[in-house]
Structures are given as C-alpha cells and as structure tokens.
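>
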Amino acid sequence: MFIRSILVLIAAIFFAISPVFTPGFGGYDPSQFPVAIENPPAQPAGYAFSIWGIIYLWLIVMAGFGAWKRRDVAGWDATRLPLLGSLAIGAFWLAVAFVSPIWATVLIWAMLAGALMALLRTPAADLWLLRAPLGLYAGWLTAASAVSLGILLPGYGIGPFGPEGWAIVALSIALAITVAMQRARPSQMYGLAVFWALVAIYVQNGATVVGIFAIGAAIVVAALTLLRFKASQR
Numbered sequence: 014m015f016i017r018s019i020l021v022l023i024a025a026i027f028f029a030i031s032p033v034f035t036p037g038f039g040g041y042d043p044s045q046f047p048v049a050i051e052n053p054p055a056q057p058a059g060y061a062f063s064i065w066g067i068i069y070l071w072l073i074v075m076a077g078f079g080a081w082k083r084r085d086v087a088g089w090d091a092t093r094l095p096l097l098g099s100l101a102i103g104a105f106w107l108a109v110a111f112v113s114p115i116w117a118t119v120l121i122w123a124m125l126a127g128a129l130m131a132l133l134r135t136p137a138a139d140l141w142l143l144r145a146p147l148g149l150y151a152g153w154l155t156a157a158s159a160v161s162l163g164i165l166l167p168g169y170g171i172g173p174f175g176p177e178g179w180a181i182v183a184l185s186i187a188l189a190i191t192v193a194m195q196r197a198r199p200s201q202m203y204g205l206a207v208f209w210a211l212v213a214i215y216v217q218n219g220a221t222v223v224g225i226f227a228i229g230a231a232i233v234v235a236a237l238t239l240l241r242f243k244a245s246q247r
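Here it is, written out as structure tokens:
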C-alpha cells in the first residue's frame, strides 16, 4: 500500500509538471489532419483548459495526503492502481498530442478508463480529499476524450458525418457516460467538470446546432448532478 501511495504521488507530480516541457497546447492544430478544419465545432473555448490548474493542484494534494495519512487505508488503496495508470499516461500525453492526434485520442481514452475506474472505487469517507478531486479529473477527461474523438474523425474525413455531426455524436457519448457515472457513483465535481466543458463548447459555437445541443446537454448534466446530490443528503 505504501509503495502504491508514493507512486501515485510521484505520477501526480510528473503529470502536473508535464506542461512545462510541452507548453502551449490549446487543442489539436488543423495542420495535423488530412482535412484541415479551422475551429472544429467539438472543441471548447480556450478558457476551458484553465481547469487543468485546479485539477493538477488538487490531485497532488490528494496524493500527498493519501501517502501521508491514508497509505494503509483499503478504500484509498483500491483507487491507486487505475489512477496510477491514468496519471502515468497523462505525464507524456501532451508530447504525444503534438505529434499524433490518433495516438493522443487512444491514450486519452485509456486515461479516462483508469480515472473512471478509480472514481467508481472511491469510498464515502474523505469526500473532498479523494472523490472530489478524482471526480473533477474524471469529469474533464470524459469531456476531453469525447472532444478528441469529435475532432479526430472529421479531421480524417471519416463518414458518415461532417464536423458538426461528429461533434454532436461526441457530445452524446460524453453525456451518456456522465449519466451512467452519476447513477453509479454520484460526484458533484464530476458533474461540474463536464458542465464546464459543455458550456465552453456552447461559448465556442454560439447559437448553432452544436452550440444548442451543448448547452442543452449542460443543463441535463447540471440537473442530474443536483438531483443526485440531493438524493445523497437524505
């Protein structure tokens, strides 16, 4: 247990400092694709990426507290292996994203799988020191994974949809995962992260089909998160 807790802390630190070595990422560059799409509709407004600062800091605090005070607690330890895998991939994800959107998409879905597995294993105790930071991380990855897919497919000219159609498919996938997760393991921070991303997609698109779908999905996520929170307080 102790070794795993230390490894998670190390991985969280390397994950957090990875932007120092690969700065300036704000989404895939259109030149990386056979079909260059300026301002792909699946992509959120640039300000949305600022959530990473909170995620990085909170994950380090979580991992540090876990290694210090919860290294031998079974509930915490159950989350560590899948989280470790997710963070280890995340430590070099940016470097991959600058080179290969295909591999970046594969890897971000692997990161998401680990994060969701870790979140599903969180105990009720230490809500703000374990489930909350994991929820924020997993929620953002839910949106980011879907967005990556929604940019990749039209960027390679894959049918049957165009950029707008694939954006809606991607948002639908994110919404479906969010609904399933909020039913299985309610997390306010998970819902907040997905909501944040969906609103940013609306801001990027405005009153278009994709923008309207995004804000509608955001309202659904907000309502579901609130309902699950109220149910947990009974």
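Going by my numbering, the sequence shown wraps up at 247, each residue one higher than the last.
From the three backbone atoms N, C-alpha and C, an ideal C-beta is built for every residue, glycine too.
As the structure is a computational prediction, the values presented were derived from the model and not from experiment.
#1: For Y203 versus A151, is the C-beta distance shorter than 8 Å?
#2: I need the straight-line Cα distance from P95 to L132, nearest angstrom please.
#3: Would DSSP call V48 helix, strand or coil?
#4: List the endpoints of the continuous alpha helix (DSSP H) containing W116.
#5: Determine the direct distance from the alpha carbon of P167 to that of I214, and round the result to whole angstroms.
#6: What did DSSP end up calling Q56 once you bin it into helix, strand or coil?
#7: If contacts are defined as beta-carbon pairs under 8 Å, then A61 and W209 qualify, I think. What distance do you get, rounded to the angstrom?
#8: Apart from the five residues just before and just after I228, which ones in its own chain have a Cβ nearer than 8 Å to its Cβ?
#9: Starting from A205, trace the alpha helix (DSSP H) both ways and give me its first and last residue.
#10: Check whether the region 129-149 touches the region 20-34, taking contact to mean three or more Cβ pairs, one atom from each stretch, closer than 8 Å.
#11: What residues in its chain sit with their C-beta under 6 Å from that of F28, if we drop five residues either side in the sequence?
#12: Please name the residue in V182, A138 and V160 whose C-alpha comes closest to that of G88.
#13: When the distance is taken between beta carbons, is P176 closer than 8 Å to S245?
#14: When we look at the beta-carbon of A156 and count the other beta-carbons within 10 Å, is it buried (16 or more) or exposed?
#15: When the distance is taken between beta carbons, is P114 closer than 8 Å to Q45?
Reading off the structure:
#1: The residue you call residue 203 lines up with position 190 of the sequence shown. The residue you call residue 151 lines up with position 138 of the sequence shown. Yes.
#2: Numbered from 1 along the sequence shown, position 82 holds the residue referred to as residue 95. Numbered from 1 along the sequence shown, position 119 holds the residue referred to as residue 132. In a straight line, the C-alpha of P95 is about 9 Å away from that of L132.
#3: On the sequence shown, position 35 is the one that residue 48 refers to. V48: coil per DSSP, three-state reduction.
#4: One-based indexing of the sequence shown puts residue 116 at position 103. From DSSP, the alpha helix (DSSP H) with W116 extends over P114 to L133.
#5: One-based indexing of the sequence shown puts residue 214 at position 201. One-based indexing of the sequence shown puts residue 167 at position 154. Distance between the alpha carbons of I214 and P167: 17 Å.
#6: By one-based count along the sequence shown, residue 56 stands at place 43. Residue state, collapsed to three classes: coil.
#7: On the sequence shown, position 48 is the one that residue 61 refers to. On the sequence shown, position 196 is the one that residue 209 refers to. 6 Å between Cβ atoms; contact.
#8: As a working mapping, residue 228 is identified with position 215 in the sequence shown. Once the five neighbours on either side are set aside, the close Cβ partners of I228 are L211, V212 and Y215.
#9: Working through the sequence shown from its first residue, we reach residue 205 at position 192. In the sequence under discussion, the amino acid at residue 205 is Leu, which differs from the Ala named in the question. Here the alpha helix (DSSP H) through L205 covers Q201 to N218.
#10: no
#11: Against the sequence shown, residue 28 aligns to sequence position 15. These residues qualify, in order along the chain: L100, G103 and A104.
#12: As a working note, residue 88 is residue 75 in the sequence shown. Comparing Cα positions, the closest option is A138.
#13: On the sequence shown, position 232 is the one that residue 245 refers to. On the sequence shown, position 163 is the one that residue 176 refers to. In this structure, P176 does not lie closer than 8 Å to S245 by Cβ.
#14: As a position in the sequence shown, residue 156 is number 143, starting the count at 1. Under this definition A156 is a buried residue.
#15: Residue numbering aside, residue 45 sits at position 32 when the sequence shown is read from its first letter. Residue numbering aside, residue 114 sits at position 101 when the sequence shown is read from its first letter. Closer than 8 Å, so yes.
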